[in-house]
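So the sequence shown is numbered by the working numbering: it starts at 1 and just counts up by one. The beta carbon of each residue, even a glycine, is placed where N, CA and C say it ideally should be. For clarity, every value in this text was computed on a predicted model and none was experimentally measured. Below is one structure, written out as structure tokens; the observations come after it.
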Amino acid sequence: MALTLGGPIFGDEPSSEPASPAEETSQPTIQDDYELMKLFVETFQRVESNYVREVDRRELMEAAIHGMLEHLDQYSSYIPPQDVRRFDQVFEQEFGGVGIQVNGSGGRLTVVSPLPGTPGFRAGIRSGDVIVEVDGKSTEGFSVNDAVKALQGPAGRPVKLGIRRTGEAEPLSIEVVREVIQVPTVLGDHYNKENRWEYMLDADRGIGLIRVTHFSRHTVDELREAIQELSSRNLKGLVLDLRSNPGGLLEAAIDIADMFLDSGRIVSVKGRTVKEQSWEAEAGTECPQVPMAILVNRFSASASEVLSACLQDNNRAVVVGERTWGKGSVQNVIRMESGESALKLTTASYHRPSGINIHRFPDSKPEDDWGVKPSEGFEVRMSAEDWDAWQGDREIQDVLLPEGSEVPERKFKDPQLEKALAYLDEQLTQPVEAAEKKE
């Protein structure tokens with residue numbers, strides 16, 4: 001089994017023991033179970049025998065399982081065999097492929113950007129290239145999902161791409177050997193001229209910016225490398241951007257929180273049959289104790305709420321932006337049929353250090369406690385038009401730079417980021433102002 005916080009991502013479950021019979025409500029008897037299963041089997045047989053059209057037995061069984069889990073809550077679900085591989089890829093953020101991001105809008109498969117260091121990058125695939133063939137098959141009418149299926153495959157197996165490139169009269173034929181691709185979850189502000197993520201947002205002021213897209217097994221190590229790089233460049237203030245981060249591994253969020261804290265509670269988890277467990281920060285930190293601001297929005301959920309709530313409650317950072325999604329439940333991934341299928345089942349809830357509720361229930365009202373609210377004075381709302389402009393600007397900044405080109409100028413002034421930077425500036429100038437007053 002495995003523990004997940006948000007999205008289709010899972011991880012190791014916390015050490016827990018089932019509650020003893022004395023701690024639980026009255027247990028159903030074997031006879032009760034038999035009668036219920038008898039009802040289910042009879043219904044199944046009646047449908048199979050009498051429905052107006054022939055039914056697939058497997059599909060009928062899976063539909064029953066789907067219905068059972070959907071009845072519980074919106075986060076519990078059944079993962080059928082055909083979806084398990086994709087589920088695992090999202091969890092691991094690893095797959096066999098060529099390492100390019102594609103966009104299927106306009107009926108064309110356009111390369112958004114190759115990932116640095118991947119086979120696609122080394123083969124010379126560029127942003128703006130249009131993939132017209134995959135292994136001799138036309139991509140006309142392909143969706144992005146079709147492209148993903150065609151481009152992914154076992155590591156070591158080659159794939160031949162037909163590429164139409166601006167300035168070339170004829171399509172190019174490029175053969176790429178697939179490798180295991182690890183999708184980064186920790187990003188900087190933009191790519192620099194060396195086609196590496198630039199984490200230092202303002203070198204003169206020593207302010208860094210780190211974006212975390214979600215929490216996977218690799219996120220802690222990726223973040224550690226980013227912080228080490230910033231520390232070597234005289235880091236004085238940090239912005240941690242968790243906007244639109246849907247969650248992921250609880251253990252990753254806990255380890256990252258511990259990187260910034262010297263003491264204090266991080267989070268606690270408890271459920272009906274899950275023994276209550278809490279995590280405390282260990283002495284020592286991996287990040288310099290510099291002023292810190294966390295950016296969140298309405299789509300920051302689950303593990304990103306664990307991290308932002310923890311650092312807010314421990315007075316380690318201010319939270320800037322919008323109220324978060326409000327997902328305070330924990331899912332265990334239970335493997336079925338020898339791993340061929342799985343259940344993602346809600347088994348516990350998590351609680352922030354202050355004890356304030358995070359989970360938004362179906363009947364929760366705006367005035368109730370749920371989600372993570374921005375720190376007092378740091379709420380910055382953005383309209384749908386603002387988010388569209390922000391996304392468009394991010395797409396420009398997130399593309400590898402053609403050789404010899406300059407970092408593109410920003411077209412959108414991010415009000416949430418500006419608020420965070422204003423806070424850091426204020427914190428960084430306080431010692432100077434205090435010294436000047438003494439003189």
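- Restricting attention to THR166, TRP390, PHE142 and LEU223, the CA atom closest to the CA of ARG243 is found in TRP390.
- Within the DSSP secondary-structure output, VAL290 pairs in no beta bridge.
- Segment contact: the segment 287-305 against the segment 242-260, three or more CB-CB distances shorter than 8 Å; contact assigned.
- For TYR34, there is no enclosing beta strand (DSSP E); the enclosing alpha helix (DSSP H) has its first and last residue at 30-50.
- Boundaries of the beta strand (DSSP E) harbouring GLY321: 318-321, taken from the DSSP string.
- For HIS351, the enclosing beta strand (DSSP E) has its first and last residue at 341-351.
- Around the C-beta of PRO402, fewer than 16 other C-beta atoms lie within 10 Å, and the residue is accordingly described as exposed.
- The C-beta of TYR423 has 16 or more other C-beta atoms within 10 Å across all chains shown, which makes the residue buried.
- Taking the CA atoms as reference points, ALA63 sits about 30 Å from LEU250.
- Its chain contains VAL296, SER300, GLU305, GLY371 and VAL372 as the residues whose beta carbon lies nearer than 6 Å to that of THR324, once the 5 sequence neighbours on both sides are disregarded; these appear in chain order.
- Shortest Cα-Cα distance from LEU261 to any of LEU417, SER375, SER354 and GLU280 involves GLU280.
- Contact between the segment 142-152 and the segment 97-114 is present, with at least three C-beta pairs closer than 8 Å.
- The residue among ARG53, THR29 and ARG57 with its C-alpha nearest the C-alpha of VAL41 is ARG57.
- A direct Cα-Cα distance of roughly 35 Å separates CYS287 from PHE361.
- Membership of LYS160 in the beta strand (DSSP E) is indicated by the continuous run 158-164.
- In this structure, TYR78 lies near LEU69, with their beta-carbon atoms less than 9 Å apart.
- DSSP places LEU69 outside any beta strand (DSSP E); the residue lies instead in the alpha helix (DSSP H), whose first and last residues are 57-70.
- In this structure, GLY328 sits near ASN357, with a CB-CB distance shorter than 9 Å.
- Residue pairing of ILE227 in beta bridges, as defined by DSSP: absent, with no partner found.
- Per DSSP, PRO119 lies in no beta strand (DSSP E) segment; the continuous alpha helix (DSSP H) that holds it begins and ends at 119-122.
- The beta carbon of MET200 is closer than 7 Å to those of GLY208, LEU230 and ARG233 in its chain, skipping five residues each way along the sequence.
- In the DSSP assignment, LYS149 falls outside any beta strand (DSSP E) and within the unbroken alpha helix (DSSP H) covering 144-151.
- For THR273, the closest alpha carbon among the candidates THR347, LEU238, GLN312 and VAL290 is that of THR347.
- Excluding five sequence positions before and after ASP129, the CB atoms of its chain that fall closer than 6 Å to its own CB belong to VAL111, ILE163 and ARG165, given in chain order.
- Secondary structure note for GLU133: its beta strand (DSSP E) is the uninterrupted segment 130-134.
- Comparing C-alpha distances from VAL399 to each of ASN195, MET336, PRO353 and LEU109 shows the shortest one belongs to ASN195.
- Following the DSSP letters along the chain, one finds TRP279 inside the beta strand (DSSP E) bounded by residues 277-280.
- Between LEU240 and VAL290, the C-beta gap is not smaller than 9 Å, which leaves the two residues out of contact.
- The beta carbon of GLU340 sits closer than 6 Å to those of PRO81, all from its chain and outside the five residues before and after it, given in chain order.
- Take GLN312, set aside five residues on each side of it, and the residues of its chain with a beta-carbon closer than 6 Å to its own are VAL319, in chain order.
- Here GLN416 is buried. Its C-beta has 16 or more other C-beta atoms within 10 Å.
- Contact between ARG122 and LEU428 does not hold, since the beta-carbon distance rounds to 41 Å and is not under 8 Å.
- Counting only residues of its own chain and dropping the five nearest sequence neighbours on each side, VAL269 has a CB closer than 8 Å to the CB of PRO14, LEU250, GLU276, GLN277, SER278, VAL330, ALA348, SER349, TYR350 and HIS351.
- Residue GLY326 holds the alpha-carbon nearest to the alpha-carbon of LYS365 among GLY326, VAL380 and GLU337.
- Measuring C-alpha to C-alpha distances from ASP386 to each of TYR191, GLN152 and PHE412 identifies PHE412 as the nearest.
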